[in-house]
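Residue numbers (the working numbering): -2 to 212.
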């Protein structure tokens, strides 16, 4: 049975401080800045806590192994938790301080959004990702925006390949039917049409008042 202890002694503290000088890979930005120093069955290890809100995942790295500086497990979890695209963008940035700044803002975001300002080069702008699964209402809204802006057929949401992409790694992800998407798009269109009509009506009244000299 594993026995955990946290020896807060000077030798341990200075040892991790020295080793942390080498913790400069971008992947460390997705974890709490200072790893815990613990013992598991007498073996010393560093424990890296994922910085994602509600994750709770902790990655152990044993110090008596030849690969004690390996980041493979850290990288694997980061991709699963934060998303492959956000992970790749962070590695393009390479600036650990900037990555930690972005992750820190994401931790304090009330809706869980990862506002990933990974502007690696001019013109790439701001990339925003979410490290939690969409709610049903969010999924409906995102899909309506996607099919409308990209001019996709409503039936695309029932395509087996689309389901494979969306449900791999998150099999409980909810996908609406084509009929639901069609109904949602029509609803958005009708509401948009009413808003535009109201804007045009107000604009027409203002022009009439201007021509008549009314205040």
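Ideal placement from N, C-alpha and C gives every residue a C-beta, glycine not left out.
Non-local C-beta neighbours of residue 70 in its own chain, meaning closer than 6 Å and more than five positions away in sequence, comprise 56, ordered along the chain.
With a beta-carbon spacing of about 7 Å, residue 43 and residue 60 fall inside the 8 Å limit used to define contacts. Contact between the segment 157 to 177 and the segment 185 to 200 is not established, with fewer than three Cβ pairs separated by less than 8 Å. C-alpha of residue 179 to C-alpha of residue 47: approximately 40 Å in a straight line.
For residue 74, no beta strand (DSSP E) segment is defined; the enclosing uninterrupted segment is the alpha helix (DSSP H) at 69 to 79. Judged by DSSP in its simplified three-state form, residue 164 adopts helix. Residue pairing from DSSP places residue 42 in a beta bridge opposite 35, 59. When DSSP reads this structure, residue 28 sits in a beta bridge with 47. DSSP places residue 151 within a helical segment (H, G or I) once states are collapsed to three. At the C-beta level, residue 87 and residue 157 stay beyond 8 Å of one another.
Taking residue 155 as the centre and dropping the five residues before and after it, the same chain places the C-beta of 175 closer than 6 Å to its C-beta, in chain order. Straight-line spacing of the CA atoms in residue 93 and residue 77 works out to 20 Å. In this structure residue 141 is buried. Its beta-carbon is surrounded by 16 or more other beta-carbon atoms within 10 angstroms.
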